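What follows is a single structure, written as structure tokens, with notes after it.
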Amino acid sequence: MAAYLPTPQQLRYLVSLAETGHFSRAASSCAVSQSTLSAGILALERGLDAQILDRSAPKHAVFTPLGQELVEKAREALAALALVAETADAARAPMSGPLRLGLIPTIGPFLLPRLMPLLRAGFPGLKLYLREDQTERLTEQLEDGQLDLLILAEPCVSGGAETLALLQDEFMAALPPNHPLAARATIAPAALAAEHFLLLEDGHCLRDQVLSVCNTSTRETRFAATSLHTLIQMVAGGLGVTLVPRLAIQAGLAQGTGVELRPLEGAGGWRTLSLAWRPGSARIAEYRALAPVITQACA
3 MAAYLPTPQQ LRYLVSLAET GHFSRAASSC AVSQSTLSAG ILALERGLDA QILDRSAPKH
63 AVFTPLGQEL VEKAREALAA LALVAETADA ARAPMSGPLR LGLIPTIGPF LLPRLMPLLR
123 AGFPGLKLYL REDQTERLTE QLEDGQLDLL ILAEPCVSGG AETLALLQDE FMAALPPNHP
183 LAARATIAPA ALAAEHFLLL EDGHCLRDQV LSVCNTSTRE TRFAATSLHT LIQMVAGGLG
243 VTLVPRLAIQ AGLAQGTGVE LRPLEGAGGW RTLSLAWRPG SARIAEYRAL APVITQACA
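Take 3 as the starting number for the sequence shown in our numbering and just add one per residue.
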């Protein structure tokens, strides 16, 4: 007798239930009724002769240890199935069709206004779907097959993704109006270390990168900013100093704020903008072809 093989829909139900933790929300994300999703999960359990859920918890989906393992296998299987379709699409019409691109919040708002016109002109058949999120969640979605390509800022934890460095994005010191350090043409990171330093919230890779440049690991976080726009307004209000990437400055982040901007002394510090994709992707050649276009948009 042939072994039981779950259907892709059953695997989607399983993964969605694991991600949402609730039957009704999982059903909504899969665009089916709750009874349909429940029946699909039950059929999966019967087909595998395995208890996936602990049904002693009536309000939320609680997975057994075996169920948690099967969720990971389901994610891998769905990613492999997506690769089959991706391979066919890439062979039929390179640089066309859907491309699901993820960007971090300290890149997306400053790069996209310059990148999108270049992509529309150079690759009119490309249908770009965008998702902005923090690095950890983007890499998880890449691994799960929910995204095809990421634009990240290294150093960061990119999981098992393959990466291609695009360019160095230098940091600049951002100072309140009339700050004493603004009299200098360049500023040593050590000089900033003595100042009240402002940072983004935990979870932003830029936070750790900036702390590394200033050679410190602990800072006041009661007023950590949620975005670079908020951060630069805090600097403008005289609450402290910070470092911001040149990409954001070129996009007008500090325009009209009165914030003083100075390059860092010597080699200074930077982050590396990189592309990231799943190993073995059928569209690697396309991703590499996008690299010079993205670099041009950053110039």
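Glycine included, each C-beta is placed from N, C-alpha and C at the ideal position.
Please read all numbers here as calculations on a predicted model, not as lab measurements.
**Q.** Inter-stretch contact (C-beta, 8 Å, three-pair minimum) for the stretch 149–163 and the stretch 231–241
**A.** Counting Cβ pairs under 8 Å, fewer than three are found: no touch.
Run through the stretch 39–100 for me and flag every whole alpha helix (DSSP H) of 4 or more residues, listed as ranges in chain order. The stretch 39–100 is shown to contain whole alpha helix (DSSP H) runs of 4 or more residues at 67–94, in chain order.
_Taking 8 Å as the cut-off, is the C-beta of ALA63 nearer than that to any heavy atom in the ligand ADP?_
The ligand ADP is not part of the structure shown, which contains no ligands of any sort.
Review point. Taking C-beta to C-beta, are ALA278 and THR141 nearer than 9 Å?
Key: It is a contact, given that the beta carbons lie within the stated cut-off.
Across the stretch 190–198 and the stretch 60–74, are there enough close Cβ pairs to call them in contact, namely three or more that are closer than 8 Å? In short, these stretches do not touch, since the Cβ pair count stays below three.
TODO: With a floor of 4 residues, list each alpha helix (DSSP H) that falls wholly inside the stretch 166–212, ordered by position along the chain.
DONE: DSSP runs (the alpha helix (DSSP H)) wholly in the stretch 166–212: 191–195.
- Buried or exposed: where does THR244 fall if 16 or more other Cβ atoms within 10 Å of its Cβ makes it buried? Classification for THR244: buried.
Item to check | Three-way DSSP call (helix, strand, coil) for THR220 in this model | outcome: Note that THR220 scores a pLDDT of 49, beneath 50, so its modelled location is shaky and nothing firm can be said.
**Report entry** Residue environment, ALA82, which counts as buried when at least 16 other CB atoms sit within 10 Å
**Finding:** Answer is exposed; the Cβ neighbour count stays below 16.
Mapping the DSSP letters down to three states, classify LEU255 as helix, strand or coil.
Secondary structure at LEU255: coil, using DSSP grouped into helix, strand and coil.
- Message: Going by C-alpha to C-alpha distance, which of LEU275, GLU47, CYS32 and PRO100 sits closest to GLN170?
- Response: Of the listed residues, the one whose Cα sits closest to GLN170 is LEU275.
Worksheet item: Do you know whose CA, among LEU183, PHE173, THR232 and GLN211, lies nearest GLN265's CA?
Response: Going by the sequence as given, residue 265 is Pro instead of Gln. Distances from the CA of PRO265 to each of LEU183, PHE173, THR232 and GLN211 were compared; the closest alpha carbon is that of PHE173.
Open item on the list: My assumption, with CB atoms under 8 Å, is that LEU46 sits in contact with ALA28. Please give the rounded CB distance.
Closed with: The beta-carbon distance between LEU46 and ALA28, rounded to whole angstroms, is 13 Å. This is too long to meet the 8 Å contact definition.
Per DSSP, cross-strand counterpart(s) of ALA155: Paired residue(s): LEU275.
Exercise. State yes or no: is the C-beta of ALA253 within less than 9 Å of the C-beta of LEU113?
Key: Going by C-beta atoms, ALA253 is nearer than 9 Å to LEU113.
Practice task
For the stretch 224–248, list the beta strand (DSSP E) runs that are entirely contained and at least 3 residues long, ordered along the chain.
Solution key: As far as the stretch 224–248 is concerned, its whole beta strand (DSSP E) runs of at least 3 residues are 244–247.
Exercise for the section: Check GLU267 in the structure and name its three-state DSSP category. Expected result: It is coil, neither helix nor strand.
Over the uninterrupted beta strand (DSSP E) stretch that includes LEU121, give me the two end residues.
-> Run containing LEU121: none in the beta strand (DSSP E); it sits in the alpha helix (DSSP H), 110–124.
What's the gap between the Cα of ARG280 and the Cα of GLN12? Separation of ARG280 and GLN12 (C-alpha to C-alpha, rounded to the nearest whole angstrom) is 24 Å.
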